[in-house]
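Undergrad:
Protein chains: 2
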Amino acid sequence: MKKLINDPGDVVTESVRGFGLAHPETVRVNEDPLFVCRAGGAVAGKVGLVSGGGSGHEPLHAGYVGQGMLDAAVPGAMFTSPTPEPVLEATKAADGGAGVLHIVKNYTGDVLNFETAAELAEAEDITVRSVVVADDVAVEDSLYTAGRRGVGGTVLVEKIAGAAAERGEDLESVATIAEQVIENVRSMGAALSSCTVPHAGQPTFDLGENEIEIGIGIHGEPGRERIPAAPADEITDRLLNPVLEDLSLSSGEKVLLFVNGMGGTPLSELYIVYGHAHDVLAARGVEVSRSLVGNYITSLEMQGASITVLRLDETLTELWDAPVGTVALRRGL
Amino acid sequence: MKKLINDPGDVVTESVRGFGLAHPETVRVNEDPLFVCRAGGAVAGKVGLVSGGGSGHEPLHAGYVGQGMLDAAVPGAMFTSPTPEPVLEATKAADGGAGVLHIVKNYTGDVLNFETAAELAEAEDITVRSVVVADDVAVEDSLYTAGRRGVGGTVLVEKIAGAAAERGEDLESVATIAEQVIENVRSMGAALSSCTVPHAGQPTFDLGENEIEIGIGIHGEPGRERIPAAPADEITDRLLNPVLEDLSLSSGEKVLLFVNGMGGTPLSELYIVYGHAHDVLAARGVEVSRSLVGNYITSLEMQGASITVLRLDETLTELWDAPVGTVALRRGL
Numbered sequence: 001m002k003k004l005i006n007d008p009g010d011v012v013t014e015s016v017r018g019f020g021l022a023h024p025e026t027v028r029v030n031e032d033p034l035f036v037c038r039a040g041g042a043v044a045g046k047v048g049l050v051s052g053g054g055s056g057h058e059p060l061h062a063g064y065v066g067q068g069m070l071d072a073a074v075p076g077a078m079f080t081s082p083t084p085e086p087v088l089e090a091t092k093a094a095d096g097g098a099g100v101l102h103i104v105k106n107y108t109g110d111v112l113n114f115e116t117a118a119e120l121a122e123a124e125d126i127t128v129r130s131v132v133v134a135d136d137v138a139v140e141d142s143l144y145t146a147g148r149r150g151v152g153g154t155v156l157v158e159k160i161a162g163a164a165a166e167r168g169e170d171l172e173s174v175a176t177i178a179e180q181v182i183e184n185v186r187s188m189g190a191a192l193s194s195c196t197v198p199h200a201g202q203p204t205f206d207l208g209e210n211e212i213e214i215g216i217g218i219h220g221e222p223g224r225e226r227i228p229a230a231p232a233d234e235i236t237d238r239l240l241n242p243v244l245e246d247l248s249l250s251s252g253e254k255v256l257l258f259v260n261g262m263g264g265t266p267l268s269e270l271y272i273v274y275g276h277a278h279d280v281l282a283a284r285g286v287e288v289s290r291s292l293v294g295n296y297i298t299s300l301e302m303q304g305a306s307i308t309v310l311r312l313d314e315t316l317t318e319l320w321d322a323p324v325g326t327v328a329l330r331r332g333l
Numbered sequence: 001m002k003k004l005i006n007d008p009g010d011v012v013t014e015s016v017r018g019f020g021l022a023h024p025e026t027v028r029v030n031e032d033p034l035f036v037c038r039a040g041g042a043v044a045g046k047v048g049l050v051s052g053g054g055s056g057h058e059p060l061h062a063g064y065v066g067q068g069m070l071d072a073a074v075p076g077a078m079f080t081s082p083t084p085e086p087v088l089e090a091t092k093a094a095d096g097g098a099g100v101l102h103i104v105k106n107y108t109g110d111v112l113n114f115e116t117a118a119e120l121a122e123a124e125d126i127t128v129r130s131v132v133v134a135d136d137v138a139v140e141d142s143l144y145t146a147g148r149r150g151v152g153g154t155v156l157v158e159k160i161a162g163a164a165a166e167r168g169e170d171l172e173s174v175a176t177i178a179e180q181v182i183e184n185v186r187s188m189g190a191a192l193s194s195c196t197v198p199h200a201g202q203p204t205f206d207l208g209e210n211e212i213e214i215g216i217g218i219h220g221e222p223g224r225e226r227i228p229a230a231p232a233d234e235i236t237d238r239l240l241n242p243v244l245e246d247l248s249l250s251s252g253e254k255v256l257l258f259v260n261g262m263g264g265t266p267l268s269e270l271y272i273v274y275g276h277a278h279d280v281l282a283a284r285g286v287e288v289s290r291s292l293v294g295n296y297i298t299s300l301e302m303q304g305a306s307i308t309v310l311r312l313d314e315t316l317t318e319l320w321d322a323p324v325g326t327v328a329l330r331r332g333l
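So the sequences go chain by chain: A and B.
If you count the first sequence from 1, position 178 lands on 178 in the UniProt record's numbering, and the numbers rise without skipping.
If you count the second sequence from 1, position 333 lands on 333 in the UniProt record's numbering, and the numbers rise without skipping.
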């Protein structure tokens, strides 16, 4: 294992510390317990948005803290859910008096720990609503999940619900918008290589010289099948078709097409995948009216990509277009 | 070789096509000859900025086309300079009547081809000035270079000169600003792995299980030395110290600290490098007043990082802070 790290046990704290030093105009790092919140703290009268989960998926979630998106993010240990305590403290730091929305990816540890934190917050008179993102169509139930896994759709939920909160909607309404995104977003990913968790010291799974895992999870959980290396267009079809089937898109509808890198894949390859996915959607009469391409929810240095499609209506489009001022996603601010 | 590509010969055209489809509000792709320009074309009365070079370093350069930065970018074949013809056509597309600045990385092919294109443009009555970026302190002369190589500093030259052009400065003044950045910026990088150029089909160089190349070039050119795997702090010292020596920074000065990923390294590792570099500068009394962390000039899927330090004054800081609206760097737009 060769990595740009010091002690494997210090990776998360050292990395989050560096993140805080690099972006003091946008975020503040609370070291104990560890969470990241907006530089200016909670916004009075605004619904607070908190997300979090195991580290190793950067820029998710700390990269999405800032105006128009999250109020706080809680990085757990590598690929490991944060415990309830930092989630509770982040919830308090995000509370501007209008309640807090927890955005949780559907992994058993995250669901349980955010649930406990929500109960503790309610005991301190903070109203908490939770939504659970489960957009990965690859498999039902998985290594760390009952039901579908939460993956790329999470970035879109955070952006769109964040915009709703920023324009002053109340907790019920922000939660409803988040649920609308969750109902209309689907994803699937493929891995060309494994990744290595620092304290494990060896690859999470083995993949042959000439094998690709279709339907990979963001922690290296098994997908649907292993296939021999294939052209990008074929891999794109194998990811996009199940997504489109599950969404039952009709000709004439508009979508946001999000091609995400797993961390170790060149941007040039992501744009090849994007181009073919765009063509497939056009051939079905579906209009790609918004796009996102890049490394937004990663699995350390894993090579591969995922495709996320979100069905858009006017409200979601307007909220997607709203200004956002985070480290990893910035437009108009 | 496992990659998300179709035919190795189509990687650049397919990728640039996807880039154009994904970002029509920011860029337009000219397919033959291949270049990328602003969606709205040249800005009348503004100095045009053109850069380019071999592909494989994305988001450089096409990701920096847009308001406040480049007017056009010319992607060559993978790791291969574009020929004069597309550079000439991009220069014409970028010309708003106030002349065009070529920003060239110091590689023999790029320097020659941009020089020829500049002569051809002058013959068509477009005034062209050129600046050559040569910020890599690792080695004098290299595999494809007489003198020092142009690396991470290029991103900063494009941003800062772009802001000067956008606020209406003339060609002479924009070139002077670019030269000021070039004089005050230094970089050095390290590789933990090689990368594989698609049409070559095998790694550009061999690096042992436990080896790190210190002073790597962005095409995998040899650096200063190979060392056994070491902690991030030590690698950071080995990159930062030669940069600081070459810049002869004094206590009390301000800098922009740019930690760049080579394409295959997790963001979390880049922030560990950033944190230690920040500490080293602070210990020397140098204030890090601006920062950039991420994959901005890459070498396909290479694992590793480079450190770039730019000495700031008020003018450069103001130009760095100016709004920018490109695909890969966006703030205030």
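Just so you know, even glycine gets a beta-carbon here, dropped at the ideal spot from N, CA and C.
Computed from a predicted model, the values in this text were never measured in an experiment.
1. Taking 6 angstroms as the limit between beta carbons, can you name the residues of its chain near T154 (chain B), skipping five residues before and five after?
2. Quick one: is V133 (chain A) near chain B, going by C-beta distance under 8 angstroms?
3. Name the residues in the segment 9–37 of chain A whose C-beta lies less than 8 angstroms from a C-beta of chain B; which are they?
4. For E225 (chain A), decide whether its Cβ has a neighbour in chain B, counting only Cβ atoms nearer than 8 angstroms.
5. Looking only at its own chain, which residues have a Cβ that is under 6 angstroms from the Cβ of N210 (chain A), when we skip the five neighbours before and after it?
6. What residues in the segment 50–66 of chain B have a beta carbon less than 9 angstroms from any beta carbon of chain A?
7. Using three-state DSSP, classify residue 334 (chain B) as helix, strand or coil.
8. On the DSSP bridge assignment, give the partners of Q67 (chain A) in chain order.
9. Candidates B:G217, B:T26 and B:R226: which alpha carbon is nearest R149 (chain B)'s?
10. Report yes or no: is there a C-beta of chain B within less than 8 angstroms of the C-beta of K2 (chain A)?
11. Can you tell me the Cα-Cα spacing of R290 (chain B) and L171 (chain A), whole angstroms?
12. Could you tell me whether the Cβ atoms of V100 (chain A) and A121 (chain A) are closer together than 8 angstroms?
13. So G332 (chain A) contacts chain B; which residues on that side make the cut at Cβ distance below 8 angstroms?
14. Please report whether the beta-carbon of Q180 (chain A) lies at a distance below 8 angstroms from any beta-carbon of chain B.
15. Give me the DSSP bridge partner(s) of M78 (chain A).
16. I want to know whether the segment 14–29 of chain B touches the segment 290–306 of chain B - three or more CB-CB distances under 8 angstroms.
17. In angstroms with no decimal places, state the Cα-to-Cα distance between L312 (chain B) and P86 (chain B).
18. So, helix, strand or coil for D136 (chain B), using DSSP?
19. How should G20 (chain A) be labelled, buried or exposed, when 16 other C-beta atoms within 10 angstroms of its C-beta is the threshold for buried?
20. If we cut at 8 angstroms on Cβ distances, does I212 (chain A) have a partner in chain B?
21. Given this structure, state the Cα-to-Cα distance separating E287 (chain B) from F35 (chain A), to the nearest angstrom.
22. Buried or exposed, going by whether 16 or more other CB atoms sit within 10 Å of the CB of G252 (chain B)?
23. Compute the Euclidean distance between the alpha carbons of L267 (chain B) and L329 (chain A), then round it to the nearest angstrom.
24. For A117 (chain B), decide whether its Cβ has a neighbour in chain A, counting only Cβ atoms nearer than 8 angstroms.
25. Can you tell me whether V12 (chain B) is helix, strand or coil according to DSSP?
26. Tell me where the alpha helix (DSSP H) around L281 (chain A) begins and ends.
27. Between I307 (chain A) and chain B, is any beta-carbon pair separated by less than 8 angstroms?
28. Give the straight-line distance between the Cα atoms of A190 (chain A) and G40 (chain A), rounded to the nearest whole angstrom.
29. Determine the chain A residues that contact N113 (chain B) at a beta-carbon separation under 8 angstroms, and present them in chain order.
30. If you follow the beta strand (DSSP E) that L292 (chain B) is in, where does it begin and where does it stop?
31. DSSP three-state label for V159 (chain A), please.
32. Assess, as a yes-or-no matter, whether the segment 196–214 of chain B is touched by the segment 167–181 of chain B under the definition of 3 or more beta carbon pairs within less than 8 angstroms.
33. Is the beta carbon of G56 (chain B) less than 8 angstroms from the beta carbon of S299 (chain B)?
34. Work out the CA separation of R167 (chain A) and S142 (chain A) for me, nearest whole Å.
35. Between L60 (chain A) and L270 (chain B), what straight-line distance do the alpha-carbon atoms span, to the nearest angstrom?
36. So what's E318 (chain B) in DSSP terms, helix, strand or just coil?
TA: In this structure, then:
1. Cβ neighbours of T154 (chain B) beyond the five flanking positions: K105 and V133.
2. Closer than 8 angstroms: no.
3. The segment 9–37 of chain A vs chain B, Cβ under 8 angstroms: V11, V12, E14, S15, V16, R17, G18, F19, L21, A22 and H23.
4. So no, E225 (chain A) is outside the interface.
5. Cβ neighbours of N210 (chain A) within its own chain (closer than 6 angstroms, five residues either side excluded): P228 and A229.
6. Within the segment 50–66 of chain B, the residues whose Cβ lies closer than 9 angstroms to some Cβ of chain A are S55, G56, E58, P59 and G63, listed in chain order.
7. The shown model of chain B, from 1 to 333, leaves out residue 334 (chain B), and the question about it has no answer.
8. In the DSSP output, where bridge partners are listed per residue, Q67 (chain A) has A:G325.
9. Out of B:G217, B:T26 and B:R226, the CA that lies nearest to the CA of R149 (chain B) is found in B:G217.
10. So, interface residue.
11. Taking the straight line from one Cα to the other gives about 36 angstroms.
12. For V100 (chain A) and A121 (chain A), yes; Cβs fall inside 8 angstroms.
13. For G332 (chain A), the chain B residues whose Cβ falls inside 8 angstroms of its Cβ are G332 and L333, in order along the chain.
14. Not flagged as an interface residue toward chain B: Q180 (chain A), since no C-beta distance is shorter than 8 angstroms.
15. Paired residues: A:S55.
16. Taking a cut-off of 8 angstroms for Cβ pairs, the segment 14–29 of chain B and the segment 290–306 of chain B do not touch, as fewer than three such pairs fall below it.
17. Straight through space, the alpha carbons of P86 (chain B) and L312 (chain B) are spaced by roughly 34 angstroms.
18. Looking at D136 (chain B) - three-state DSSP - the assignment turns out to be strand.
19. With 16 or more other Cβ atoms within 10 Å, it is buried.
20. So, interface residue.
21. The C-alpha of E287 (chain B) lies about 26 angstroms from the C-alpha of F35 (chain A).
22. By the Cβ-count criterion, G252 (chain B) is exposed, with fewer than 16 other Cβ atoms from all chains shown falling within 10 Å of its own Cβ.
23. Approximately 14 angstroms between the Cα atoms of the pair.
24. So, not an interface residue.
25. Helix at V12 (chain B).
26. Residues L267 to A283.
27. Residue contact with chain B for I307 (chain A): absent (no Cβ-Cβ distance below 8 angstroms to any residue of chain B).
28. Their backbone Cα atoms lie some 39 angstroms apart in a straight line.
29. Within chain A, no residue comes near N113 (chain B); the closest Cβ sits about 21 angstroms away, beyond 8 angstroms.
30. Looking at the DSSP string, the run of the beta strand (DSSP E) that includes L292 (chain B) is E287 to G294.
31. Note on residue identity: the sequence assigns Lys, not Val, to residue 159 (chain A). K159 (chain A) falls in the helix class under three-state DSSP.
32. Verdict: no, contact absent.
33. Between G56 (chain B) and S299 (chain B), the CB-CB gap stays under 8 angstroms.
34. Going by the C-alpha atoms only, they are around 37 angstroms apart.
35. Straight-line Cα distance between these residues: approximately 15 angstroms.
36. Assignment of E318 (chain B) by DSSP, reduced to helix, strand and coil, places it in the helix class.
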